[in-house]
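Participant: Below is the structure I would like to discuss, written out as structure tokens.
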Amino acid sequence: QEPEVAHPLVKADTASPGSPTAQGQQPQASGIQIWISPPVGGAEVQDRPRSPPRTCYKVIDDDPPGPAPFPHRIVSLRPGRPCDSLSIDTQGVLGGGRFGRVHKCTENASGLKLAAKVIAARSAKEKEMALNEIQVMNQLSHANIIQLYDAFESKNEVVLVMEYLEGGELFERIVDERSPLTEVDAIIFLKQICQAIQYMHQMYVLHLDLKPENILCVNRTGHQVKIIDFGLARRYKPREKLRVSFGTPEFLAPEIVNFDFVSFPTDMWTVGVVTYMLLSGLSPFLGDDDSETLNNVLTVNWAFDDEAFEHVSDEAKDFVSNLLIRERSGRLSASQCLKHPWLCNISEKAKRSNITLKSQVQLKKYMARRLWKVGATTLQALTTSSRVPKPKTFWITTVYVIKGCYKL
Numbered sequence: 001q002e003p004e005v006a007h008p009l010v011k012a013d014t015a016s017p018g019s020p021t022a023q024g025q026q027p028q029a030s031g032i033q034i035w036i037s038p039p040v041g042g043a044e045v046q047d048r049p050r051s052p053p054r055t056c057y058k059v060i061d062d063d064p065p066g067p068a069p070f071p072h073r074i075v076s077l078r079p080g081r082p083c084d085s086l087s088i089d090t091q092g093v094l095g096g097g098r099f100g101r102v103h104k105c106t107e108n109a110s111g112l113k114l115a116a117k118v119i120a121a122r123s124a125k126e127k128e129m130a131l132n133e134i135q136v137m138n139q140l141s142h143a144n145i146i147q148l149y150d151a152f153e154s155k156n157e158v159v160l161v162m163e164y165l166e167g168g169e170l171f172e173r174i175v176d177e178r179s180p181l182t183e184v185d186a187i188i189f190l191k192q193i194c195q196a197i198q199y200m201h202q203m204y205v206l207h208l209d210l211k212p213e214n215i216l217c218v219n220r221t222g223h224q225v226k227i228i229d230f231g232l233a234r235r236y237k238p239r240e241k242l243r244v245s246f247g248t249p250e251f252l253a254p255e256i257v258n259f260d261f262v263s264f265p266t267d268m269w270t271v272g273v274v275t276y277m278l279l280s281g282l283s284p285f286l287g288d289d290d291s292e293t294l295n296n297v298l299t300v301n302w303a304f305d306d307e308a309f310e311h312v313s314d315e316a317k318d319f320v321s322n323l324l325i326r327e328r329s330g331r332l333s334a335s336q337c338l339k340h341p342w343l344c345n346i347s348e349k350a351k352r353s354n355i356t357l358k359s360q361v362q363l364k365k366y367m368a369r370r371l372w373k374v375g376a377t378t379l380q381a382l383t384t385s386s387r388v389p390k391p392k393t394f395w396i397t398t399v400y401v402i403k404g405c406y407k408l
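See the structure below:
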């Protein structure tokens, strides 16, 4: 029995008429060739048998993302609105949230496609936050990090003009059932995320808002991703004790809930949460309400769901287990993650029959539920739970993307 050809995410030329792929033969295109088997109750990942039922293959485009269509630049706020140099599609909203909205735009002189993040900045504090985002992005030049192009300031708003990414949110891409999701896919995504975080931490930048909405695909077919949204990022100074009181409950590290000091491991906790979700489609700490979610985080109350993780490797579970640890000193760093066995030897892993993960269906439910939570709210749970510290008002962000490209 010849293997069935999987739909994209694959190299575009692997399924052309008359090609080896279309004829059911092993593809010859560049990239990582991955064999896929459907999930079978109790089945284990093992070497590809000669005639696996409904086995298919795809070729993953594992090339690193190309650079932004402009050189890295140091951006300063320019007075005035950008209408003289940019055409902003006010009807084409890519995303929105508590700070404003993101629109498609085009540079008039060059025709360059860009994205304009329009931030409400009526107070001095709001303008200070926008300026902090600019300063952080000026420091970062990496293939897996979105790049800033320009910035404008008017009386009541700041407009950040940045690289345009057409692929949408990573999780929105993953729920596309036309493309089976395997551990190899997850590994390729996570490796890029860790490479970006490793670079940020080398530059002494804490993102502090790493979550699915802030991981975008470069295009609609490849596996390249970039991290976005540095609105809550902070410059890390080891001699200064930094505390923060913002975030989305299910992605918060225990030290944030405790209003304790944050540092590089705070970002790595969220990598563990995102990895858990990517592999299972479930949110490890999500409770019935914010109070329960925060208590789950604070007590590090999580476990591997038996059914969701049935076909997930021990290496993947070990990777997650070494990130979702209460003690910050015990969590893997980004550099250690990149050396972890799960993220290594990808080509060898792809030679085995990779059983399709069960996370796609669960993630679809998660994404649908998230769309109903719009805006930002003050977290009252911190003042009502006996197990959660009470002094601070905690700002949480709930939903940010409606149509699927950029979150604010």
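Residue 320 in full-length UniProt numbering sits at position 320 of the sequence shown; the count goes up by one each step and never skips. Yeah, the Cβ is synthetic: ideal placement off N, Cα and C, and Gly gets one too. Quick caveat, the model's predicted, so the values are computed rather than measured.
Starting from residue 119, trace the beta strand (DSSP E) both ways and give me its first and last residue.
Facilitator: Where residue 119 is concerned, the enclosing beta strand (DSSP E) stretches over 113-120.
Participant: Closest Cβ-Cβ distance between residue 132 and chain B: below 9 Å?
Facilitator: Although the question refers to chain B, the structure presented lacks it and comprises just one protein chain.
Participant: For residue 207 and residue 352, what's the separation of their Cα atoms in angstroms?
Facilitator: Spanning the two alpha carbons is a distance of roughly 35 Å.
Participant: If you drop the 5 nearest sequence neighbours on each side, which residues of the same chain put their C-beta closer than 7 Å to that of residue 272?
Facilitator: Counting only Cβ-Cβ distances below 7 Å, and skipping sequence neighbours, we find 320, 323 and 324.
Participant: Bridge partners for residue 103 per DSSP, in chain order?
Facilitator: Paired residues: 93 and 116.
Participant: Within a Cβ cutoff of 8 Å, which residues of the same chain sit near residue 100, ignoring the five residues on either side of it in sequence?
Facilitator: The residues are 117, 118, 119, 120, 157 and 408.
Participant: Which class does residue 84 belong to by DSSP, given the choice of helix, strand or coil?
Facilitator: Looking at residue 84 - three-state DSSP - the assignment turns out to be helix.
Participant: Please go through the same chain and pick out, in chain order, the residues whose beta-carbon is closer than 6 Å to the beta-carbon of residue 161, but skip the five residues on each side of it.
Facilitator: For residue 161, where only same-chain residues beyond five positions count, the Cβ hits under 6 Å are 114, 116, 149 and 150.
Participant: Mind checking whether residue 146 and residue 68 have CB atoms under 9 Å apart?
Facilitator: Yes.
Participant: Suppose the cutoff is 7 Å on Cβ atoms and the five residues either side in sequence are ignored; what does the same chain contact list for residue 426 look like?
Facilitator: Beyond the ends of the chain as shown, which are 1 and 408, falls residue 426; an answer cannot be given.
Participant: Nearest CA to the CA of residue 163: which residue from 178, 107, 243 and 269?
Facilitator: Among 178, 107, 243 and 269, the Cα nearest to that of residue 163 belongs to 107.
Participant: For residue 347 and residue 33, what's the separation of their Cα atoms in angstroms?
Facilitator: If you take the alpha carbons of residue 347 and residue 33, they lie about 8 Å apart.
Participant: Residues in the same chain with beta-carbon distance under 8 Å from residue 211, minus the five sequence neighbours each way, listed in chain order, please.
Facilitator: These residues qualify, in order along the chain: 248, 251, 270, 273 and 274.
Participant: Taking residue 133 as the reference, which of 350, 76 and 189 has the closest Cα?
Facilitator: Ranking the options by Cα distance to residue 133, first place goes to 76.
Participant: Judging by CA-CA distance, which residue of 129, 190, 280 and 128 is the nearest neighbour of residue 303?
Facilitator: That would be 280, whose Cα lies nearest to the Cα of residue 303.
Participant: Note the first and the last residue of the continuous beta strand (DSSP E) segment covering residue 161.
Facilitator: 157-163 is the span of the beta strand (DSSP E), which, as asked, contains residue 161.
Participant: I'd like the list of long-range same chain contacts for residue 305, defined as Cβ closer than 8 Å, with 5 residues on each side in sequence excluded.
Facilitator: Same-chain partners within the cutoff: 280 and 282.
Participant: DSSP state of residue 301, grouped into three classes?
Facilitator: Looking at residue 301 - three-state DSSP - the assignment turns out to be coil, as it is neither helix nor strand.
Participant: Is the beta carbon of residue 67 within less than 8 Å of some heavy atom of the ligand ZN?
Facilitator: This structure lacks the ligand ZN; in fact it carries no ligand of any kind.
Participant: First and last residue of the alpha helix (DSSP H) that includes residue 262?
Facilitator: Residue 262 -> no alpha helix (DSSP H), and no H or E assigned at all.
Participant: Hey, residue 102 and residue 95 are a contact pair by Cβ (cut 8 Å); roughly how many whole angstroms apart?
Facilitator: Residue 102 to residue 95, Cβ: 5 Å. Contact.
Participant: Please return the same chain residues whose Cβ sits closer than 8 Å to the Cβ of residue 127, not counting the five positions on each side in sequence.
Facilitator: 121, 153 and 158.
Participant: For the segment 263-297, which segments carrying the alpha helix (DSSP H) assignment without a break, of at least 4 residues, lie completely within its bounds, in sequence order?
Facilitator: The qualifying runs are 264-280.
Participant: Going by Cα to Cα distance, which pick from 276, 185, 138 and 187 is closest to residue 490?
Facilitator: Since the first residue shown for the chain is 1 and the last is 408, residue 490 is missing from the structure and cannot be characterised.
Participant: Applying the 10 Å Cβ sphere with the 16-neighbour rule, what's the burial state of residue 222?
Facilitator: Looking at its Cβ environment, which holds 16 or more other Cβ atoms inside 10 Å, residue 222 is buried.
Participant: Report the partner residues of residue 234 according to the DSSP bridge assignment.
Facilitator: Looking at the DSSP assignment, residue 234 forms a beta bridge with 206.
Participant: Just checking my contact of residue 174 with residue 363 at CB under 8 Å: how many whole Å lie between their CB atoms?
Facilitator: Residue 174 to residue 363, Cβ: 6 Å. Contact.
Participant: In the DSSP output, what is residue 349 paired with across the bridge?
Facilitator: Its beta-bridge partners do not exist; DSSP assigns none.
Participant: Just the Cα atoms here: how many angstroms apart are residue 328 and residue 84?
Facilitator: For residue 328 and residue 84, the distance between alpha carbons rounds to 48 Å.
Participant: Between which two residues does the beta strand (DSSP E) carrying residue 215 extend?
Facilitator: Run containing residue 215: 215-217, per the beta strand (DSSP E) assignment.
Participant: Could you tell me the distance, in whole angstroms, from the CA atom of residue 296 to the CA atom of residue 276?
Facilitator: Distance between the alpha carbons of residue 296 and residue 276: 15 Å.
Participant: Pop quiz: residue 201 and residue 264 are said to be a contact at Cβ under 8 Å. What is the actual Cβ separation, rounded to whole angstroms?
Facilitator: 5 Å between Cβ atoms; contact.
Participant: Alpha carbon to alpha carbon, what distance is there between residue 240 and residue 82?
Facilitator: Answer to the nearest angstrom: the Cα atoms are 37 Å apart.
Participant: So which of 260, 191 and 309 has the shortest CA-CA distance to residue 284?
Facilitator: The shortest C-alpha separation from residue 284 is found at 309.
Participant: Can you list, in chain order, the residues of its chain whose CB lies under 6 Å from that of residue 349, leaving out five sequence neighbours each side?
Facilitator: Within the same chain, residue 349 has close Cβ partners 184.
Participant: Give the secondary structure of residue 42 by DSSP, where H, G and I count as helix, E and B as strand, and everything else as coil.
Facilitator: For residue 42, the predicted model reports a pLDDT of 43, less than 50, meaning its position is unreliable; a value from the coordinates is still stated below. It is coil, neither helix nor strand.
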